[in-house]
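Enquirer: Residue numbers (the numbering used here): 346 to 530.
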Amino acid sequence: MTTLQGRAATALLVIDMQNGVANALHARDQVVATIDGLVTRARAQGTPVVWVRHQSDELPEGSDTWQLIPELRPAADEAIVDKRYGDSFEDTPLESELASRGVGRLVVTGAQTDACVRATLHGGFVRGYDVTLVSDAHSTEDLTEWGAPPPELVVSHANLYWQFQDGPGRTATVESSDEVDLAGV
């Protein structure tokens with residue numbers, strides 16, 4: 346269980362599903378549909394949904410590439426956290442957003458598996474959160490041209506290694522969208 350006292354709630358974290366990121370994702374449409382289903386379930390159960398949006402030279406604030414994809418839209422009461430680093434906690438208000446909602450467990454989805462998703466998984470875990478990676482709700486682009494494995498192997502590897510993450514007083518799990526518990530409390 347989380348090491349964060351009095352924080353039994355779960356939040357669904359949707360990372361960097363922006364035009365300039367998501368449009369190049371492996372299995373894009375399937376991943377987007379899966380995330381959309383999780384968002385719908387979370388809202389129906391009263392589970393907070395927190396959206397993360399990256400800003401960089403390639404994703405300048407306010408640009409079309411920076412905007413969240415049209416298939417996924419935050420509700421008016423859902424937090425949007427802007428970031429400049431891979432770890433969604435780094436120099437952002439994410440921790441205070443989660444604390445204000447009593448969240449001690451994160452269910453992580455989004456992009457890119459080998460960058461911001463990975464950094465945020467570890468960032469949350471070392472900060473005391475229980476962290477669940479949704480095995481079929483994250484992806485990355487094809488970077489084989491630069492020596493990376495094919496994207497489906499990057500996703501598979503993340504699903505493999507995250508289930509063996511370990512630390513005192515908290516859990517790291519990998520679950521499919523069909524089996525993940527979004528209720529949390």
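Yeah, the Cβ is synthetic: ideal placement off N, Cα and C, and Gly gets one too.
I'd like the span of the alpha helix (DSSP H) that includes G469, first residue to last.
Expert: From DSSP, the alpha helix (DSSP H) with G469 extends over 463-471.
Enquirer: Below 8 angstroms between beta carbons: does that hold for D432 and T465?
Expert: Cβ distance < 8 angstroms, so D432 and T465 count as in contact.
Enquirer: For a minimum of 3 consecutive residues, which ranges assigned as the beta strand (DSSP E) are wholly contained in the region 369-417?
Expert: Here the runs fully enclosed are 394-399.
Enquirer: Just grab the DSSP bridge partners of R450 for me.
Expert: According to DSSP, R450 bridges with T355, D475.
Enquirer: Anyone know if the C-beta pair for V453 and L370 falls short of 8 angstroms?
Expert: No, Cβ-Cβ distance for V453 and L370 is not below 8 angstroms.
Enquirer: Identify the residues that DSSP records as bridge partners of S501: which are they?
Expert: In DSSP, S501 forms no bridge with anything.
Enquirer: Please tell me whether S480 and V519 are closer than 8 angstroms, where the distance is taken between their beta carbons.
Expert: Cβ atoms of S480 and V519: closer than 8 angstroms.
Enquirer: Give the straight-line distance between the Cα atoms of R373 and L439, rounded to the nearest whole angstrom.
Expert: Using only the alpha carbons, I get a separation of about 26 angstroms.
Enquirer: Kindly identify the DSSP beta-bridge partner or partners of R515.
Expert: According to DSSP, R515 bridges with G512.
Enquirer: Assign T347 to buried or exposed, taking buried as 16 or more other Cβ atoms, counted over all protein chains shown, within 10 Å of its Cβ.
Expert: With 16 or more Cβ atoms within 10 Å of its Cβ, T347 is classed as buried.
Enquirer: Express the C-alpha separation of G351 and T458 in angstroms, rounding to a whole number.
Expert: For T458 and G351, the distance between alpha carbons rounds to 30 angstroms.
Enquirer: In chain order, what residues of the same chain lie with their CB nearer than 8 angstroms to the CB of E403, ignoring the 5 residues before and after it?
Expert: Excluding residues within five positions, the ones whose Cβ falls inside 8 angstroms are G365, T410.
Enquirer: Quick check: the Cα distance between D436 and G473, rounded to an integer number of angstroms?
Expert: Rounded to the nearest angstrom, the two C-alpha atoms are 17 angstroms apart.
Enquirer: Would A424 pass as a contact of W396 if the rule is Cβ separation under 8 angstroms?
Expert: Yes, these two residues count as a Cβ contact at 8 angstroms.
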